[in-house]
Amino acid sequence: MTRNPGAVRAEPGVDLVRADFDDPASLAAAVADVRAVFLLTAPTSPTPAHDLAMLETARSAGVTTVVKLSAIGTGETIGDNQTVGAWHLQAEQAVRSGGMAWTVLRPSSFASNVLRFAHTINAGHPVPNTTGTATQGVIDPRDVAAVAAEALTTPGHAGRTYTLTGPELLSVPDQAAILESVLNRPVTTVDLPLDIAREQMLQHGTDPSAVDAAITGMAWARAGHNAILTQDVPRILGRPAATFATWVHDHQDAFRPTP
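Structure (structure tokens):
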């Protein structure tokens, strides 16, 4: 599903269909003759509207299965009663009550998040660290995709919420050390207080509600609440979850300095 099929190069066996979450009337084409839907939305502001529009369309079209990509910690609170993943929580509730067989995936921090800092690393500058020494069960997004495929195509996953993590707890400095080892060059970090992170995101034009959601998630992780490891990935896939080092090794070309 894409707004512009002509601009997308599809993998073999993949059919493209034009639809836009901001145009609910267009969504019917995306679910015509479809049995199962993988629901991944990324609105510029944290709203469940895209999820809700697709769920209503899918239900009306006779879709029987939906797999929703959510996030670890969704629904937990921190600070002044701030809810982690509030927009995901509303979508999860709609998924569970929508009358279709459902599965919710709550992955931890993606290994690929470090790509945001590839230019910084390649320039030899320190990686900004908003979570201090707190650790997270960093997960290879390829494992998330593999679990989603299992949930969409095999029985036994209906009514389940899976918390997906990698095999090890890592802080941002831990990740920097692994990058340094694989790339064979220095990778350092610098602490970035959350108030400064908020200010920088606003200066870059990020939607204020998206900034609030991001800072809430960072504060939750920084307080140590994401120091979670589960066995959901190996249990579903029948193999160990991939390590962060494996992901870095497979994507090290993204961290080659420009000549």
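Residues 1 to 259, numbered by this note's numbering, are exactly what the sequence shown covers, in order. Just so you know, even glycine gets a beta-carbon here, dropped at the ideal spot from N, CA and C.
Count the other CB atoms, across all protein chains shown, that sit within 10 Å of the CB of residue i; report buried if there are 16 or more and exposed otherwise.
i	result
His249	exposed
Glu92	buried
Val31	buried
Arg222	buried
Thr65	buried
His88	buried
Thr327	One cannot answer for residue 327 here, as it falls past the ends of the chain, which runs 1 to 259.
Val8	exposed
Gly205	exposed
Ala86	buried
Thr163	buried
Ala151	buried
Gln200	exposed
In terms of residue numbering, what span does the alpha helix (DSSP H) encompassing residue i cover?
i	result
Ala149	141 to 153
Ala101	From DSSP, Ala101 is part of no alpha helix (DSSP H) but of the beta strand (DSSP E) over 101 to 107.
Arg59	49 to 61
Pro173	172 to 183
Leu202	194 to 203
Pro186	Pro186 -> no alpha helix (DSSP H), and no H or E assigned at all.
Thr120	118 to 122
Pro208	208 to 222
Val248	244 to 250
Val31	28 to 31
My understanding is that residue i touches residue j, with C-beta atoms under 8 Å, so please give their C-beta distance in whole angstroms.
i	j	result
Leu105	Val67	7 Å
Ala242	Gly166	7 Å
Ile139	Ser108	5 Å
Met218	Leu202	The Cβ separation is near 14 Å, so there is no contact.
Leu27	Thr57	4 Å
Leu170	Thr135	6 Å
Val211	Val172	So it is not a contact: roughly 20 Å between Cβ atoms.
Gly98	Leu55	5 Å
Val37	Val17	Contact flag wrong, Cβ pair sits at about 12 Å.
When you compare each of the options to residue i by their alpha carbons, which one comes out closest?
i	options	result
Asn276	Leu183, Asn81, Thr258, Ala176	A query on residue 276 cannot be resolved here, the shown segment of the chain reaching from 1 to 259 and no further.
Ala42	Gly98, Asp232, Thr2	Thr2
Ala197	Ala61, Pro234, Thr188, Thr216	Thr216
Asp22	Thr188, Gly62, Ala53	Ala53
Leu237	Asp33, Ala111, Asp15, Arg142	Arg142
Gly124	Gly75, Thr189, Gln252	Thr189
Thr258	Pro126, Ile121, Trp220	Ile121
Val95	Phe117, Arg59, Asp20	Arg59
Thr47	Val37, Thr133, Ala213, Arg185	Ala213
Arg256	Thr246, Val187, Gly205	Val187
Val182	Gln200, Glu199, Thr246, Ser209	Thr246
Glu168	Glu76, Phe244, Asp33, Val34	Phe244
Phe110	Gly85, Asp33, Phe117, Gly137	Gly137
Ala254	Ala210, Glu76, Ser112	Ser112
Arg35	Ala61, Ile178, Arg185, Leu192	Ala61
Ala19	Gly13, Pro5, Val63	Pro5
Val339	Ala210, Pro240, Ala49, Trp220	Coverage of the chain is limited to positions 1 through 259, which leaves residue 339 absent and any answer about it impossible.
Thr154	Pro240, Thr103, Val17	Thr103
Leu69	His50, Val14, Asp80, Pro208	His50
Please report the residue range of the beta strand (DSSP E) in which residue i lies.
i	result
Ala36	36 to 39
Thr161	160 to 164
Thr230	Careful: Thr230 lies outside any beta strand (DSSP E) and carries neither H nor E.
Val17	Segment: none, Val17 is in no beta strand (DSSP E) and carries neither H nor E.
Leu89	Segment 86 to 96 is the alpha helix (DSSP H) holding Leu89; no beta strand (DSSP E) there.
Asn129	127 to 129
Within the present structure, is the beta-carbon of residue i separated from the nearest heavy atom of the ligand GDP by less than 6 Å?
i	result
Gln203	Within the structure as shown, the ligand GDP is missing, as the structure has no ligands at all.
### Message
Within 8 Å, do at least three Cβ pairs link the segment 151 to 161 to the segment 215 to 230?
### Response
no
### At least 3 beta-carbon pairs within less than 8 Å: the segment 231 to 247 vs the segment 136 to 151
yes
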